[in-house]
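Chemist: Structure provided below as structure tokens; questions to follow.
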Ligand code: PMM
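Here you go:
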């Protein structure tokens, strides 16, 4: 571990995300929230206009653009590093034009065949998540021989396909996709084995924030923590990911995670090397 990981703060400009749905649907509120996340220590802000919650309906392209573009352009103009969370090449292109610098595609280019060529042409950083289909189908696809081996080989194979499609190897950031076609046990197994994913040689991004396995842990059925009470469990898993050597953690609540990352940096022996904040 060579320093604390980057922190990606989440701004969902959606009415229906499980974690913060509806809170930042108005552009002014979304921009203010993005600025707050940066003031709290986020290195970049991830702006998304489509909920990936199990069972969510997809917005039209026009609606997705309407939600994200004003937020991306205002934040980018204010000097904030912005990633665009989208599976659509047309939305990614418009967001890059508006100042985003990273494309975060939970489908890793599988949802929209035009995405690979776009990212190759633009030469931007590209977050490629392990994905087994849109929300409506994902929970029925949470079946693995060995989740760690299967996700590792799928990500490795996907990265090779993307390179064959013209994307530079060093632009590809991998993400195991916590909660996407994964049971709670699958998520824990992946978290325990992050080092084997880091060993693939790509930068790794981890997004456990407010996911349901962090509501269930240690709680009886029916007594799970609701999404807004999962920031401490998120901070702990983010710190654990930091110790495994991930490049970036994606979180909704930045201050709690920053505290946990300070602890991880001290435990990892790098606290002295990090600029105090
Ligand atoms: N999770 C969500 C959305 N986008 N992107 C990446 N790269 N990794 C994730 O785990 C991920 C993501 C889930 O929805 P949220 O925006 O409410 O967290």
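Numbering (this note's numbering), first residue to last: 35 to 311. Each residue gets a CB set at the ideal place from its N, CA and C atoms; glycine is no exception. The structure presented is a predicted model; accordingly, all values stated were derived computationally and were not measured.
(1) So residue 47 and residue 64 are supposed to be a Cβ contact under 8 Å. How far apart are they, rounded?
(2) As a quick check of your reading: which residues have a C-beta less than 6 Å from at least one non-hydrogen atom of the ligand PMM, in chain order?
(3) Quick one: Cα of residue 186 to Cα of residue 231, how far?
(4) Just checking, does the stretch 193-213 make contact with the stretch 254-267 on the three C-beta pairs under 8 Å criterion?
(5) Quick one: what does DSSP say residue 160 is sitting in, helix, strand or coil?
(6) Helix, strand or coil for residue 237? Go by DSSP, reduced to three states.
(7) Can you tell me which of 37, 61, 38, 70 puts its alpha carbon nearest to the alpha carbon of residue 286?
(8) Could you give the DSSP three-state label for residue 68: helix, strand or coil?
(9) Tell me whether the beta-carbon of residue 113 lies closer than 8 Å to the beta-carbon of residue 79.
(10) How about residue 61: is its C-beta nearer than 8 Å to some C-beta of chain D?
(11) Are the stretch 218-227 and the stretch 175-189 touching, with three or more C-beta to C-beta distances below 8 Å?
(12) Looking at C-alpha atoms only, which residue of 273, 202, 85 is the closest neighbour of residue 293?
(13) Tell me whether residue 210 is buried or exposed, calling it buried when 16 or more other Cβ atoms sit within 10 Å of its Cβ.
(14) Under a Cβ-count criterion, where at least 16 other Cβ atoms within 10 Å of its own Cβ denotes burial, should residue 148 be classed as buried or exposed?
(15) Between residue 205 and residue 131, is the Cβ-Cβ spacing less than 8 Å?
(16) Compute the Euclidean distance between the alpha carbons of residue 139 and residue 295, then round it to the nearest angstrom.
(17) Excluding the 5 residues flanking residue 56 on each side, which residues of the same chain have their C-beta closer than 8 Å to its C-beta?
(18) If I'm right that residue 153 touches residue 136 with Cβ under 8 Å, what's the distance once you round it to whole angstroms?
(19) Could you have a look at residue 177 and say whether DSSP puts it in helix, strand or coil?
(20) Return the chain-ordered ranges of every beta strand (DSSP E) run that is complete within the stretch 246-306 and spans a minimum of 3 residues.
(21) So what does DSSP say about residue 37, is it helix, strand or coil?
(22) Taking residue 117 as part of the alpha helix (DSSP H), name the residues at either end of that continuous run.
(23) Return the Cβ separation of residue 95 and residue 124 in integer angstroms, given the expectation that the two are a contact with Cβ distance under 8 Å.
Modeler: From the atom records:
(1) For this step, residue 47 is matched to residue 13 along the chain shown. For this step, residue 64 is matched to residue 30 along the chain shown. Between residue 64 and residue 47 the Cβ distance is about 5 Å, and since that is below 8 Å, they are a contact.
(2) 44, 46, 51, 52, 53, 82, 86, 119, 138, 140, 161, 163, 209, 211, 212, 239, 241, 243, 284
(3) Translated into positions along the chain shown, residue 186 becomes position 152. Translated into positions along the chain shown, residue 231 becomes position 197. Going by the C-alpha atoms only, they are around 6 Å apart.
(4) no
(5) On the chain shown, residue 160 is found 126 positions in, with the first residue counted as 1. Note: residue 160 maps to strand in three-state DSSP.
(6) Here residue 237 is taken as the residue at index 203 of the chain shown, counted from 1. Strand.
(7) The residue given as residue 286 occupies position 252 in the chain shown. Of the candidates 37, 61, 38, 70, the one whose C-alpha sits nearest the C-alpha of residue 286 is 70.
(8) Here residue 68 refers to the residue found at position 34 of the chain shown. Residue 68: helix per DSSP, three-state reduction.
(9) In the chain shown, the residue the question calls residue 113 occupies position 79. In the chain shown, the residue the question calls residue 79 occupies position 45. No, they are not a contact pair.
(10) Of the protein chains in this structure there is only one, and it is not chain D.
(11) yes
(12) For the purposes of this step, residue 293 is identified with residue 259 of the chain shown, where counting begins at 1. Answer by Cα proximity: 273.
(13) By 1-based counting over the chain shown, the position of residue 210 is 176. Looking at its Cβ environment, which holds 16 or more other Cβ atoms inside 10 Å, residue 210 is buried.
(14) Taking the chain shown and counting its residues from 1, one reaches residue 148 at position 114. Classification for residue 148: exposed.
(15) The residue given as residue 205 occupies position 171 in the chain shown. The residue given as residue 131 occupies position 97 in the chain shown. No, these two residues do not count as a Cβ contact at 8 Å.
(16) In the chain shown, residue 139 corresponds to position 105, counting from 1. In the chain shown, residue 295 corresponds to position 261, counting from 1. Taking the straight line joining both Cα atoms gives about 25 Å.
(17) Position 22 of the chain shown, counted from the first residue, corresponds to residue 56. So the qualifying residues of the chain are 48, 49, 50.
(18) As a position in the chain shown, residue 153 is number 119, starting the count at 1. As a position in the chain shown, residue 136 is number 102, starting the count at 1. No, residue 153 and residue 136 are not in contact; Cβ-Cβ is about 10 Å, not under 8 Å.
(19) By 1-based counting over the chain shown, the position of residue 177 is 143. Here residue 177 sits in coil by DSSP.
(20) 282-285
(21) Numbered from its first residue, the chain shown carries residue 37 at position 3. Coil at residue 37, not helix or strand.
(22) Within the chain shown, residue 117 is the residue found at index 83, counting from 1. Here residue 117 belongs to no alpha helix (DSSP H); instead the beta strand (DSSP E) covers 116-119.
(23) Translated into positions along the chain shown, residue 95 becomes position 61. Translated into positions along the chain shown, residue 124 becomes position 90. So it is a contact: roughly 6 Å between Cβ atoms.
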